[in-house]
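Notes follow once the structure below has been shown.
Structure representation (structure tokens):
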């Protein structure tokens with residue numbers, strides 16, 4: 055896990071991302087999702103991309119023996 059610090063300037067918070075977890079070149083805007091006390095920062099407009107590409111998947115036998123009602 056990579057850690058960083060939170061700084062406050064005026065009424066804005068700043069989180070520095072260490073190089074190991076920095077966004078790739080070309081990412082200049084992000085979306086911030088608030089989940090309880092956590093914050094999830096993702097490239098703007100790509101909120102679901104990683105979830106659909108790398109998230110949980112159903113197994114091949116999912117619903118294979120599903121009873122039709």
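In my numbering, the protein residues as written are 55 to 123.
Every residue, glycine too, gets a C-beta built ideally from N, C-alpha and C.
Which one of the options has the shortest CA to CA distance from residue i?
i	options	result
residue 79	97, 114, 109	97
residue 84	69, 109, 116	69
residue 76	87, 95, 111	95
residue 74	110, 55, 113	55
residue 72	82, 58, 90, 64	58
Since residue i sits in a beta bridge, which residues does DSSP pair it with?
i	result
residue 110	Paired residue(s): none; residue 110 is not in a bridge.
residue 92	89
residue 97	84
residue 67	62
How many angstroms separate the CA atom of residue i from the CA atom of residue j?
i	j	result
residue 108	residue 100	13 angstroms
residue 60	residue 67	7 angstroms
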